[in-house]
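Read through the structure below, which is laid out as C-alpha cells, and then see the notes.
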Amino acid sequence: MVDLSTVSIVVASAGVFTAAVYYILQIRHQTKLRQTEMVMRLYSTFESAEFQNVYQKIMSLEFEDYADALKRYATNRAEISSAATSVGTFFEGIGVLVKRRLISMDLVDDLFGTMVLHTWEKFKPLVKGRREQEGDTETLQQFEYLYNEMLKRKQQTTKIG
1 MVDLSTVSIV
11 VASAGVFTAA
21 VYYILQIRHQ
31 TKLRQTEMVM
41 RLYSTFESAE
51 FQNVYQKIMS
61 LEFEDYADAL
71 KRYATNRAEI
81 SSAATSVGTF
91 FEGIGVLVKR
101 RLISMDLVDD
111 LFGTMVLHTW
121 EKFKPLVKGR
131 REQEGDTETL
141 QQFEYLYNEM
151 LKRKQQTTKI
161 G
C-alpha cells in the first residue's frame with residue numbers, strides 16, 4: 001500500500017521534471033527566435049539602399065589582382081576602399097556569428113546563399129594582396145571562413161541532389 005507521503009514525493013518530482021522540460025523547450029525556442037531576429041536585421045541592412053549602393057559599386061569593379069585594382073581605381077581609392085570595408089565587414093560579421101554558432105548556416109544560406117560565394121570570389125584577390133602587403137593574415141578571415149563553409153554546403157547539396 002502506498003502512503004500519502006510517497007504519492008506527494010512522486011507528484012512533486014513529476015512537477016519538477018515537467019518544469020525542467022518546459023524550461024529547456026523555452027530556451028530552445030528563444031534561441032531560435034534570437035537567431036531569426038539577428039539574421040533578419042542583417043538582411044534588412046543588406047537590403048538597405050545605402051548598402052546596395054556600395055555592394056553594387058564593389059561587385060561592378062573589374063581588376064585582375066590587388067595591384068591592378070590599386071592602379072585602375074587610384075583616382076577614387078578612398079571611395080572604393082570605404083565601399084569595400086562596408087561590404088567586407090558585413091560578411092565578416094556574419095562569418096563570426098556562424099563560427100560561434102550564434103546563427104545557423106541554414107538561415108544564412110536561405111537569405112544570402114550564393115551571394116556569399118560571389119562576393120568572396122570578388123574580394124579574394126583584394127584580400128590576398130592586402131594580406132601580403134600588410135603582413136596581416138587575419139584580414140577578413142571570418143568572411144573567408146563563411147565562404148568555405150558555404151562552399152562545402154553547396155558541394156554537399158550538389159552531391160545529394
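Residue 118 in the working numbering sits at position 118 of the sequence shown, and the numbers go up by one each step. Virtual Cβ for every residue (Gly too), placed ideally from N, Cα, C.
(1) Can you round the beta-carbon distance between Q35 and S104 to whole angstroms, since I take them to be within the 8 Å contact cut?
(2) Helix, strand or coil: which one does DSSP assign to N76?
(3) Are T45 and F90 closer than 8 Å when you measure CB to CB?
(4) Any beta carbon from chain B within less than 8 Å of T114's own beta carbon?
(5) Express the C-alpha separation of A78 and M115 in angstroms, rounding to a whole number.
(6) Does S82 come out as helix, strand or coil in the three-state DSSP assignment?
(7) Can you tell me whether DSSP reads R100 as helix, strand or coil?
(8) For D65 and R72, I'd like the C-alpha separation in whole angstroms.
(9) Please tell me whether V87 and V54 are closer than 8 Å, where the distance is taken between their beta carbons.
(10) Whose C-alpha, out of I94, L70, N76 and I58, is nearest the C-alpha of A83?
(11) Quick check on this structure: which residue in T85, R131 and G135 has the alpha carbon closest to the alpha carbon of T119?
(12) So the candidates are K122, Y145, Y147 and K159; which of them puts its Cα closest to the Cα of Q56?
(13) In chain order, what residues of the same chain lie with their CB nearer than 6 Å to the CB of Y145, ignoring the 5 residues before and after it?
(14) Would E47 be called buried (16 or more neighbouring beta carbons within 10 Å of its own) or exposed?
(15) Measuring CA to CA, which of D109, V7, Q30 and S8 is closest to T157?
(16) Can you give me the start and stop residues for the alpha helix (DSSP H) that L25 sits inside?
In short, the structure shows the following:
(1) 6 Å
(2) coil
(3) yes
(4) No chain B is part of this structure, which consists of one protein chain only.
(5) 24 Å
(6) helix
(7) coil
(8) 11 Å
(9) yes
(10) I58
(11) T85
(12) K122
(13) G95 and K99
(14) exposed
(15) D109
(16) L4 to E47
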